[in-house]
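Q: Protein sequences appear in the order of chains A and B. Take the numbering used here: the final residue in the first sequence is number 115, and no numbers are missing along the way. Take the numbering used here: the final residue in the second sequence is number 452, and no numbers are missing along the way.
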Amino acid sequence: MSEKMILIPGRSSKQGTSLNQGKLKDEYKQVTTTLEMNSDDMKKRGLIDGDEVRLSNETGETIVRCLGVKPEDLPPGMLFIPYGPPSSQLMASDTAGCGMPLSKHMEVEIEKIST
Amino acid sequence: MSENIKIVENATCTFCGCVCDDMILHVDMDEKRITKAKNACVLGRAWFAEHTIEDTPAAMIDGKAVSIEEAIEEAAQTLSNAKFPITYGLSDTTCEAQRQAVAISDMIKGNIDTTTSVCHGPSGLAFQGVGESTSTLGEVKNRADLVIYWGGNPAESHPRHFGRYAVTPKGMFTPGGKKDRTIVLVDVRKTKSSPVADILIRPKPGKDFEVLWALRALVKGKKLSPDIEARTGVPLETLQDLTERMKNCRFGVLFFGMGLTMTRGRHFNSGALLALATDLNEFTHFVAKPVRGHGNVTGADNVVSWQTGYPFGVNFSRGYPRFNPGEFTTVDTLSNADADAALIIASDPASNFPKKAIAHLKSIPAVVLDTKCTETSKDAHVAFRTSTYGINTSGTVYRMDDVPITLRPAFESPFPDDYTILTGIRKRVNELMLAKHYASGASGQAKVAAPI
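(1) Note down, in chain order, all residues in the stretch 34-49 of chain A with a beta-carbon under 7 Å from any beta-carbon belonging to chain B.
(2) Drop a sphere of 10 angstroms on the beta-carbon of P414/B, count the other beta-carbons inside from all chains shown, and report buried for 16 or more, exposed for fewer.
(3) According to a CB-to-CB cut-off of less than 9 Å, which residues of the stretch 343-371 of chain B neighbour chain A?
(4) Exposed or buried, which one is W150/B when buried takes at least 16 other CB atoms within 10 Å?
(5) Going by the DSSP bridge assignment, what does V167/B pair with across the sheet?
(6) Check whether the Cβ of T62/A lies closer than 7 Å to any Cβ atom in chain B.
(7) Go through its chain and collect everything with a Cβ distance to T374/B's Cβ below 6 Å, but skip five positions before and after it.
(8) Quick one, are the C-beta atoms of V382/B and E74/B less than 7 Å apart?
(9) Given a threshold of 16 other Cβ atoms within 10 Å of its Cβ, counted over all protein chains shown, does P195/B qualify as buried or as exposed?
(10) Does the stretch 115-132 of chain B come close enough to the stretch 266-278 of chain B that 3 or more CB-CB pairs lie under 8 Å?
(11) Is it the case that the Cβ atoms of T243/B and L212/B are separated by a distance below 7 Å?
(12) Rounded to whole angstroms, what's the CA-CA distance from A59/B to K372/B? Just pull it up for me.
(13) Is there a Cβ from chain B that is less than 7 Å from the Cβ of S114/A?
(14) Let me make sure I understand the geometry here. Which of M433/B, T423/B, A155/B and F411/B has the alpha-carbon closest to that of H51/B?
(15) Tell me which same chain residues have a C-beta within less than 8 Å of the C-beta of P76/A, skipping the five on either side of it?
(16) With C-beta atoms as the reference, is T393/B less than 7 Å away from T406/B?
(17) What is the DSSP secondary structure of K25/A, counted as helix, strand or coil?
(18) Who are H105/A's beta bridge partners in DSSP?
(19) I'd like the list of long-range same chain contacts for L25/B, defined as Cβ closer than 6 Å, with 5 residues on each side in sequence excluded.
(20) With a 10 Å radius around its C-beta and 16 neighbouring C-beta atoms as the bar for buried, classify K190/B as buried or exposed.
(21) My guess is that F312/B and T114/B are in contact by the Cβ rule of under 8 Å, so how many angstroms apart are they, rounded?
(22) Tell me whether E96/B is buried or exposed, calling it buried when 16 or more other Cβ atoms sit within 10 Å of its Cβ.
(23) Assign T238/B to one of three DSSP states: helix, strand, or coil.
(24) Return the residue from the list T33/A, E58/A, S56/A and E61/A that minimises the CA-CA distance to G49/A.
(25) Does the beta-carbon distance from K355/B to G60/A come in below 7 Å?
(26) Given a threshold of 16 other Cβ atoms within 10 Å of its Cβ, counted over all protein chains shown, does I72/B qualify as buried or as exposed?
(27) In the DSSP assignment, find the beta strand (DSSP E) that holds P82/A and state where it starts and stops.
(28) Look at the alpha carbon of H285/B and the alpha carbon of R250/B, and state the distance between them as a whole number of angstroms.
(29) Alpha carbon to alpha carbon, how far is L434/B from Q77/B?
(30) When the cut-off is 7 Å and only beta carbons count, does M5/A lie next to chain B?
(31) Beta strand (DSSP E) containing K6/B: first to last residue?
(32) Let me know the alpha helix (DSSP H) ranges lying completely inside the stretch 259-328 of chain B, each 4 residues or longer, listed in chain order.
(33) Quick one: what does DSSP say I391/B is sitting in, helix, strand or coil?
(34) According to the neighbour-count rule (16 or more other Cβ atoms, all chains shown, within 10 Å of its Cβ), is W47/B buried or exposed?
(35) Going by CA-CA distance only, name the one from A96/A, I113/A and S114/A that's closest to D332/B.
(36) Beta-carbon separation of L35/A and I81/A under 7 Å?
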């Protein structure tokens, strides 16, 4: 089963420190494939920390790992991921005449990948 | 660690737009690396520690090591033979190097754009439409008693912004530091910045414009329906309280991040915030400042503006600069498959752009200058490994409040700097364009930019 949620890519400390090591290094890849999710939302979907999920929209898809955060920190239905190549896969190229593609608040479907 | 340690005082960190210039660096001159960066934040410490000298060729063509001269020749040929060459990046290099990049783009009748277009580009459009009530960060430190952060998480993206400029420092008219200030944070989620806030406002996602417009209405004395909470997630009482605080403060500042520019509304969101700051000047002194990301992205705006008249998204194909975001911005020139060659400087669009743009970038010859191997540089036709500005190279950068700062390098790198490579490309491009001009039978003064 897949459900629509709002994805917010953004900066994080770990993303900043790991990109200094190099964007092709493992730590940066790990940071930018870690999806923060409201822990109540995770429970509802039968997800635990470290589970792989597929995020998709009409532009593309990417596979990331879940990490639960306190419900008071991230509202229900919202997801956060540090910017990086995985989040870029979901970004549409239309800039609406201003040069900026919509890079935050992207509507995505989330689906658990069966193991 | 060797005993050959050099101390560099008042060095500058160029990782983020704070451009903190109070670093005390301990440099191991034998190992060519920085072992300690006093006063640096977590990001700055990583910036200084991880920029070491890597064992890799300084120049490559299609993945094979070549001399720098050969690479400059191939880069100049590639760019001068293209019909729609684009230049992109520039936010992590010096103003001196940026100036060379503008000259190259002018000579080859190409397109020049910076990472601003996918950062605060929408704010740049809003500045043109609404204007900017502005100040330096020094004025904020010394005077601001109401500090509002909107759509950003400085604790993680600009860790010293709080301590050095806006929240805790003791200023001339804010001797009590944080005690003399009210801090407001507006964000859809709770972040590591939240604990610093006296007032935390959490609108519904994508409702920033509505909240800003509601505040404008209240500032102008209009009445609002209580259903504003259902629309925006923010109670009317909270908006009324913030309005009174803004009107009655002594010096207010609105810092805004990409939570505004990257979401639905984009330049309208930035424009609404800038207009709110302007409105508030009927009551008190109020300014608005974008919180800028890369170390010299503000310099890129300044250099491209003073050289072309426009801040980003500039095209020279007609022999004079034209500005048209949505057409001449790089996501568009790549996604629309306009570009047929690229000069990428200190940037990694192959990681951060939409995949349609990335696919086209990978299909055209790219000349890439970077201090590290990236998704963009590893597939480059011509790749230069360059030294790091502020660590190995001097030059000028602009802090996010448009204050220029001169860099003090810590140790020499075997790699050339961006300025040297771009100057070499610029000189060779100039020769090639002149030769083309005269080969076409033209006489008299060639219409290429004068050497600088």
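Don't be surprised by glycine CBs; every beta carbon is placed ideally from N, CA and C.
A: In short, the structure shows the following:
(1) none
(2) exposed
(3) From the stretch 343-371 of chain B, only D348, A350, S351, N352, F353, P354, K355, K356, A357 and I358 have a Cβ closer than 9 Å to chain A.
(4) buried
(5) Paired residues: none, contrary to the question.
(6) no
(7) D348
(8) yes
(9) exposed
(10) yes
(11) For T243/B and L212/B, no; Cβs fall outside 7 Å.
(12) 12 Å
(13) no
(14) Checked all of M433/B, T423/B, A155/B and F411/B; the closest Cα to H51/B is F411/B.
(15) N38, D40 and D41
(16) Taking 7 Å as the Cβ cut-off, T393/B and T406/B do not qualify as a contacting pair.
(17) coil
(18) Beta-bridge pairing links H105/A to no other residue.
(19) V8, A11, I34, A37 and A410
(20) buried
(21) Right, the Cβ-Cβ distance comes to about 5 Å (below 8 Å), so this counts as a contact.
(22) buried
(23) helix
(24) One point to set straight first is that residue 49/A is Asp, not Gly, in the sequence displayed. Checking every option, the nearest Cα to that of D49/A belongs to T33/A.
(25) yes
(26) buried
(27) M78 to P82
(28) Approximately 7 Å, taken between the alpha carbons.
(29) CA-to-CA, the gap between L434/B and Q77/B works out to about 13 Å.
(30) Taking Cβ atoms only, chain B never reaches closer than 7 Å to M5/A, which makes this a no.
(31) I5 to A11
(32) 267-280 and 297-308
(33) coil
(34) buried
(35) A96/A
(36) yes
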